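Q: Dropping a structure here in structure tokens format, bear with me for questions.
In my numbering, the protein residues as written are 1023 to 1218.
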């Protein structure tokens, strides 16, 4: 498969807002520290703690998806990226979530899902060269696969017209008659008595 542009991975830092409480911020900060130190499994567990407090925390969802992707758990990562995109109002985060979802899909060889994800990403951020390039590569790959599928399909045989079918049927009838005559001749009794 073609070389895809590297995964867009970044950890969104804990941003203080009135909607997030102090405990949520502290847990998110701790999870981000584990992520940045390359301890992705532990980071994932801490992101889960944030999500227990607030299941719609788009930053925790996005960062957890990145941690899953770093652990090569692409199926779970794709679902988390989609969930992050669904709950956020931040179009930049949403575009990045769709982009990474496309990367996770391509890692699973799910070309159609990757194409859809990169299209969504480009709708939100039309200036993303990496999304555009990956989308173009994926569309080229899809076209190539469709052409290969067309070439591998058995070509239908040309149907016989009525005259050809009648001729073939007559030939088969004639062969059947000849075979029956041959069989009758084989079954005729042979005179074994000698004439002296």
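Beta carbons: idealized from backbone N, C-alpha and C, even for Gly. Nothing here was measured: the structure is a model prediction, and the numbers come from that model.
(1) Can you check which of these residues, 1132, 1143 and 1092, is closest to residue 1112 by C-alpha distance?
(2) Spell out a yes or no on whether the segment 1058-1070 and the segment 1085-1096 are touching, meaning 3 or more CB-CB pairs, one atom from each, closer than 8 angstroms.
(3) Could you check where the alpha helix (DSSP H) with residue 1080 kicks off and where it finishes?
(4) Tell me whether the beta-carbon of residue 1085 lies closer than 7 angstroms to the beta-carbon of residue 1046.
(5) What number of angstroms, rounded off, separates the C-alpha of residue 1071 from the C-alpha of residue 1082?
(6) So, helix, strand or coil for residue 1096, using DSSP?
(7) If you reduce the DSSP assignment to three classes, tell me which class residue 1161 lands in.
A: According to the structure shown:
(1) 1143
(2) yes
(3) 1080-1092
(4) no
(5) 9 angstroms
(6) helix
(7) helix
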